[in-house]
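Notes follow the structure.
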Amino acid sequence: MTTAVPAQRSTGGGGGSSGLYDVLELILDRGLVIDAFVRVSLVGIEILKIDVRVVVASVDTYLRFAEACNRLDLESGPRKSPGLPEVLENATESGAGSKTKGALAGAAESISDAFRQGRSDEEETEPRRRRASARRKEETE
Amino acid sequence: MSVYVYGIARSDHPALPEKAPGVGRPPREVRIVREGDLAAIVSDCPEDLRPKRRDLLAHQQVLTEVGAKGPVLPLRFGSLSDGEEAVRGVLAEHAAHYIRQLEELDGRSEYNVKAVHREDEVLRLVLSQDTEARSLAERNRAAGGGSHEDKLRLGELVANAVREREAEDARLIEETLAPLAQRYVPGPEGSGWLANLSFLLDREGAEEFTAAVEELGRANPHLDIRATGPLPPYSFVGRPDEAGRTAQAAGSPAG
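Protein chains in written order, with the working numbering: chain A, 142 to 282; chain B, 67 to 321.
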């Protein structure tokens, strides 16, 4: 895996489900609200929100980062404190594309996968949460 | 029977999506309700409408189709009216406001940009730049991971550095992209991205904008950044009483 990820250019249109995932919050939270209209109830729908992906101060976070640092060093070999370019090269060389991506990107992927792989039209917007980081916006049934 | 309302356009819009498939299963047929210079894009509303995948997609698809040929004010998903008469009433009551917004949005689309850190890359970056964290990490590793306290100390140090980096990268993204847009606003809050911004772009500016997003990703391999668009301008429409606020918020989003 190389270092750059090109910007996705979703069509927004035909959308495809992964495109839908990226704009879901806009469709549900933004858009014109007209007072004279009522809004369909969202009760019973778990709206996905990838939450707490930004770093929060907590013991869990600290331990996770400490372990990740430990693991990183092992992955980049015996070299001590390599400079940045070298490090990136190592990341590329190791070829561990999915591995080096880290947990953060992984969460996004698993959720859009859930969208893509949804088996039927009937399925609601309830991607399975692999990380305990998705938050309920509305009550679940 | 309830009427599902997708959006509002000018009645002389060149391609109102009559008979397009709308929400529901089977899809309810889209029709147009006109009042003066305005047209509402509506369909029947299924009894049991809920935000299912296909319904969200139908909403998005109808609006995208209209938006490709002319300006449209997208309604939030799930807006229902008592009937066509009530829809006409709303169009008439706020006609000036809607027409003004349609003029402002003519030829423009929303692009949403989201970014998170690639964890391993950002950790490497932090360790390469922070001597203290690096030596602590090396000491812990030499000690087979280190004691609980050592781990906490390292973790806290690194987490703080990553958090600073998040703020720095958010600023970088905003400062790089804002000058390329007509307006921009923060995306819905609390969604956990280090940056989540919606930009309003002229059609001609879209290419330069997406190129700038790609360049940000190339230059900052620790950033997972993506732009989605063109989208109906969900983040740039406001109620009549919000018009002033929306205009003021433009270009200077809080937080």
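Backbone N, C-alpha and C fix where the C-beta goes; we use that ideal spot for every residue, glycine too. In this text, all values refer to a predicted model and were calculated from it rather than measured experimentally.
Go ahead and label residue i buried or exposed: buried means 16 or more other beta carbons lie within 10 angstroms of its beta carbon, across all protein chains shown.
i: T276/B; result: buried
i: R205/B; result: exposed
i: H214/B; result: exposed
i: D201/A; result: exposed
i: R190/B; result: buried
i: S182/A; result: exposed
i: T197/B; result: exposed
i: R174/B; result: buried
i: F256/A; result: In this predicted model, F256/A has a pLDDT of only 39, less than 50, meaning its place in the structure is not dependable; the value taken from the coordinates is given anyway. Answer is buried; the Cβ neighbour count reaches 16.
i: P226/A; result: Summary for P226/A: the model assigns pLDDT 40, below 50, so the residue's position carries little reliability; its value from the coordinates is reported in the next sentence. P226/A should be labelled exposed.
i: F302/B; result: buried
i: E131/B; result: buried
i: E113/B; result: exposed
i: V69/B; result: buried
i: A81/B; result: exposed
i: Q167/B; result: buried
i: A106/B; result: buried
i: E185/B; result: buried
i: K85/B; result: exposed
i: E270/B; result: exposed
i: P83/B; result: buried
i: K217/B; result: buried
i: E274/B; result: exposed
I'd like to check one pair, residue j with residue i: are the Cβ atoms closer than 8 angstroms?
i: R180/A; j: R142/B; result: yes
i: E232/B; j: H160/B; result: no
i: E240/B; j: L263/B; result: yes
i: A293/B; j: V179/B; result: yes
i: V228/B; j: V188/B; result: yes
i: G253/B; j: E166/A; result: yes
i: L173/A; j: P140/B; result: yes
i: L129/B; j: Y164/B; result: no
i: S147/B; j: F178/A; result: yes
i: L297/B; j: V164/A; result: yes
i: Y300/B; j: R171/A; result: yes
i: L246/B; j: A278/B; result: yes
i: P117/B; j: G144/B; result: yes
i: L104/B; j: I74/B; result: yes
i: Q248/B; j: D235/B; result: no
i: L223/B; j: A244/B; result: no
Roughly how far, in whole angstroms, is the beta-carbon of residue i from the beta-carbon of residue j, given that I think they are within contact range, below 8 angstroms?
i: A57/B; j: Y203/A; result: Because chain B spans 67 through 321 in this model, residue 57/B falls outside it and cannot be assessed.
i: L238/B; j: Y250/B; result: Actually they do not touch by this definition, with Cβ atoms about 14 angstroms apart.
i: D97/B; j: V108/B; result: According to the sequence displayed, residue 97/B carries Arg and not Asp. Confirmed, Cβ separation roughly 6 angstroms.
i: A207/A; j: G221/B; result: 4 angstroms
i: L202/B; j: R219/B; result: 7 angstroms
i: L171/B; j: G102/B; result: The pair is not a contact, with the Cβ atoms about 19 angstroms apart (cut-off 8 angstroms).
i: A181/B; j: D290/B; result: 6 angstroms
Cβ-based contacts, 8 angstroms cut-off: residues of the stretch 125-144 of chain B near chain A = H125, Q126, Q127, T130, E131, A134, L139, P140, L141, R142, F143 and G144
Got a sec: which bits of the stretch 219-243 of chain B sit with their beta carbon under 7 angstroms from any beta carbon on chain A, in order along the chain?
-> Considering only beta carbons, the part of the stretch 219-243 of chain B lying closer than 7 angstroms to chain A consists of L220, G221, E222, V224, A225, V228, R229 and E232, in chain order.
May I ask you to verify whether the stretch 121-141 of chain B touches the stretch 93-110 of chain B, counting CB pairs closer than 8 angstroms and requiring at least 3?
-> yes
Determine, using beta-carbon pairs with one atom in the stretch 281-301 of chain B and one in the stretch 143-159 of chain B, whether at least three such pairs fall under 8 angstroms.
-> no
What residues in the stretch 186-220 of chain B bring their beta carbon closer than 7 angstroms to a beta carbon of chain A?
-> D186, E187, L189, R190, L191, L193, S194, R200, A203, E204, N206, R207, G211, K217, L218 and L220
Could you name the residues of the stretch 83-102 of chain B whose beta carbon sits closer than 8 angstroms to any beta carbon of chain A, in the order they occur along the chain?
-> Residues of the stretch 83-102 of chain B with a C-beta less than 8 angstroms from any C-beta of chain A: R91, listed in chain order.
Residues in the stretch 164-178 of chain B with C-beta within 7 angstroms of chain A's C-beta atoms, listed in sequence order?
-> N178
Please list the residues of the stretch 147-161 of chain B that have a C-beta atom closer than 9 angstroms to any C-beta atom in chain A, keeping them in chain order.
-> So the list reads S147, D148, A152, V153, G155, V156, E159 and H160, given in the order they occur along the chain.
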